[in-house]
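Just below is one structure, and these are the notes that go with it.
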Amino acid sequence: MVENVGVIGSGTMGFGIAFQFITNGTQVTIQDIRSEAFELAKEKLKTYLTIFREEGVLFTDTEEVIIDRLKFTTKIEDLKHCDLIIESATENLELKQKIFKQLDEVCDAKTILASNTSSLRLSEITRDISESRKQRVLLTHFFNPAHIVPLVELLKAPETSQEVYNEVDTFMKKVGKVTIEVKKEVPGLVANRIQTALAREALALLEDGIVSEHDLENAIFAGPGFRFSTSGLLKIMDFGGLDVWNIVLDQLQPVLESNIRSFEILKDKVQANKFGVKTSQGFFEYPGKSLDSYVVERDRSLVQQLKVFNKILNTKEHEHA
Numbered sequence: 066m067v068e069n070v071g072v073i074g075s076g077t078m079g080f081g082i083a084f085q086f087i088t089n090g091t092q093v094t095i096q097d098i099r100s101e102a103f104e105l106a107k108e109k110l111k112t113y114l115t116i117f118r119e120e121g122v123l124f125t126d127t128e129e130v131i132i133d134r135l136k137f138t139t140k141i142e143d144l145k146h147c148d149l150i151i152e153s154a155t156e157n158l159e160l161k162q163k164i165f166k167q168l169d170e171v172c173d174a175k176t177i178l179a180s181n182t183s184s185l186r187l188s189e190i191t192r193d194i195s196e197s198r199k200q201r202v203l204l205t206h207f208f209n210p211a212h213i214v215p216l217v218e219l220l221k222a223p224e225t226s227q228e229v230y231n232e233v234d235t236f237m238k239k240v241g242k243v244t245i246e247v248k249k250e251v252p253g254l255v256a257n258r259i260q261t262a263l264a265r266e267a268l269a270l271l272e273d274g275i276v277s278e279h280d281l282e283n284a285i286f287a288g289p290g291f292r293f294s295t296s297g298l299l300k301i302m303d304f305g306g307l308d309v310w311n312i313v314l315d316q317l318q319p320v321l322e323s324n325i326r327s328f329e330i331l332k333d334k335v336q337a338n339k340f341g342v343k344t345s346q347g348f349f350e351y352p353g354k355s356l357d358s359y360v361v362e363r364d365r366s367l368v369q370q371l372k373v374f375n376k377i378l379n380t381k382e383h384e385h386a
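Residue numbers (the working numbering): 66 to 386.
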């Protein structure tokens, strides 16, 4: 049973993962080599507790109890007694290999080690750990913001025991996450591959002059995105009729963007240092406010969406009970 968790890294993903756990009754210790990052994490914790409260999302425990569940350390050894440790360091293979080797050496034999990544292979990350530990490793891939977006993708290594997988799966569901099992190790796992395929077609439509930025955004937001807020793609296909979808796929697949393509409309913006919200301009302009202000504004909307999602999810679970 997972009762206390270690999180490596106090950045955007590490903080979000920790927040999800402590607001659902789990003790968490965040480890980071930069002690100054802890003050920022503490401020973010207070900010998001306020956002959730103001948006009507109530936790079982008081904010004081929740805050007290979160500890900080710069020493990786302080995680040695954790039941589960989730590595959420930067996407650098050598760094992750080093962290996993350190954890393997200092942690209790019972500790489960997980990595929050979709771009690096679990088999490579765990290359240098002991064979016995490889039975207790897996990927737990969260989506940003990790404390709001429900999905967690789970991937076993070939050596991972089913018991360990089940334990982590049960824990994630207990703390309010929706899990899926990725049955094979593929780059990008599942959701990011779908998202990237959508981005490729969207950018092709934009670059080929089929649609404007504004109308492209509305096409997704007010069309498929609207339907995706209540169901996944396969159920949308069921409602549309699989006979109809079979015809649509036969007609459209030959003309959809499927090449490995360099999108100049994207590269030009990157070369002009128009990176998006963090530089106040990307495909759209973001004037007058800091990145943090825009992120908080986005996250308030996502928390409202989470409330609706949870109602739908609870209804579906009740129907299948």
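Cβ atoms here follow ideal geometry from the backbone N, Cα and C, with glycine treated the same way.
Residue pairing of residue 69 in beta bridges, as defined by DSSP: 92. In the DSSP assignment, residue 328 falls outside any beta strand (DSSP E), carrying neither H nor E. Beta-bridge analysis with DSSP links residue 218 to 206 and 245. Following the DSSP letters along the chain, one finds residue 125 in no alpha helix (DSSP H), marked with neither H nor E. Boundaries for residue 300: no beta strand (DSSP E) harbours it, while the alpha helix (DSSP H) harbouring it runs 298-305, taken from the DSSP string. Per DSSP, the beta bridge partners of residue 138 are 96. Secondary structure note for residue 180: its beta strand (DSSP E) is the uninterrupted segment 177-180.
The segment 149-156 makes no contact with the segment 214-227: fewer than 3 CB pairs, one atom from each, lie closer than 8 angstroms. Taking all protein chains shown into account, residue 321 has fewer than 16 neighbouring C-beta atoms within 10 Å of its C-beta and is therefore exposed. Counting C-beta pairs with one atom in each stretch, the segment 163-183 and the segment 130-149 have three or more that are closer than 8 angstroms, which means they touch. Within 10 angstroms of the beta-carbon of residue 212 lie 16 or more other beta-carbons, which makes it buried. Around residue 278, the same chain offers 348 as residues with beta carbons nearer than 6 angstroms, after the five sequence neighbours per side are excluded.
Contact between the segment 93-104 and the segment 248-264 is absent, with fewer than three C-beta pairs closer than 8 angstroms. Counting of Cβ neighbours within 10 angstroms places residue 191 among the buried residues, the total reaching 16 or more.
Assignment of residue 353 by DSSP, reduced to helix, strand and coil, places it in the coil class. In the same chain as residue 164, and ignoring 5 residues on each side of it, the C-beta atoms closer than 7 angstroms to its own belong to 73, 152 and 154, in chain order. Cβ neighbours of residue 246 within its own chain (closer than 7 angstroms, five residues either side excluded): 219.
Here residue 293 is exposed, its C-beta having fewer than 16 other C-beta atoms within 10 Å. With a cutoff of 8 angstroms on beta-carbon distance, residue 80 and residue 111 are scored as not near each other. Residue 367 sits in a helix when the DSSP states are folded into three classes.
Note on residue 202: 16 or more other CB atoms within 10 angstroms of its CB, so buried under the neighbour-count rule. Rounded to whole angstroms, the separation of the alpha carbons of residue 87 and residue 307 is 43 angstroms. In the DSSP assignment, residue 149 is bridged to 70 and 177. The Cβ atoms of residue 89 and residue 241 sit closer than 8 angstroms to each other. In the three-state DSSP reduction, residue 253 falls in the coil class, being neither helix nor strand. For residue 200, no alpha helix (DSSP H) segment is defined, and its DSSP state is neither H nor E. Collapsing the DSSP output to three states places residue 290 in a helix. Judged by DSSP secondary structure, residue 101 falls outside any alpha helix (DSSP H); it is assigned neither H nor E. Taking a cut-off of 8 angstroms on C-beta distances, the segment 319-336 touches the segment 265-280, as three or more cross pairs fall below it. The beta-carbon distance between residue 231 and residue 206, rounded to whole angstroms, is 18 angstroms. This is too long to meet the 8 angstroms contact definition. The alpha-carbon separation between residue 287 and residue 372 amounts to approximately 19 angstroms. In the three-state reduction of the DSSP assignment, residue 341 falls in the strand class. The alpha carbon of residue 129 has as its nearest neighbour, out of 283, 107, 313 and 268, the alpha carbon of 107. Taking the CA atoms as reference points, residue 338 sits about 7 angstroms from residue 344.
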